[in-house]
Amino acid sequence: MKKRTKEQTKEINQLALLSDEAIDTSDIPEQINWENAVVGRFYSKHNPKTSVNIDSEILAWFKAQSSHDYHYMINKALFDYMKQHNQ
86 MKKRTKEQTK
96 EINQLALLSD
106 EAIDTSDIPE
116 QINWENAVVG
126 RFYSKHNPKT
136 SVNIDSEILA
146 WFKAQSSHDY
156 HYMINKALFD
166 YMKQHNQ
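What follows is the structure, encoded as structure tokens:
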């Protein structure tokens with residue numbers, strides 16, 4: 086996930102100061118029927134942090150692809166490898 090910019094952080098802090106009454110919710114329909122609600126739909130499991138030694142050439146390649154998403158890309162590559170070899 087990308088870090089917030091200073092402008093985004095400032096805007097979020099200003100929004101947090103608003104009272105509930107000051108927020109215009111007229112364009113949001115009130116949700117009364119929760120019959121089809123799904124518990125945990127947007128839950129993201131916590132991934133444990135670990136250390137792994139990665140060759141500098143491999144790390145440099147992933148960072149060159151996307152300097153801020155390289156952790157995700159490495160994890161996805163390992164996950165895809167695992168799925169392919171578990172068949």
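Add 85 to the 1-based position in the sequence shown for our numbering, that's all there is to it. We put the CB at the ideal spot given by N, CA and C, even for glycine. On a predicted model such as this, the values are computed, not experimentally measured, just so you know.
* **Opening and closing residue of the alpha helix (DSSP H) in which residue 103 lies** => Neither: residue 103 is in no alpha helix (DSSP H) and is coded neither H nor E.
* Whole-number beta carbon distance between residue 87 and residue 170, since they are thought to touch under 8 angstroms -> Not really, about 32 angstroms apart at Cβ, beyond 8 angstroms.
* Under 8 angstroms between C-beta atoms of residue 157 and residue 148 -> no
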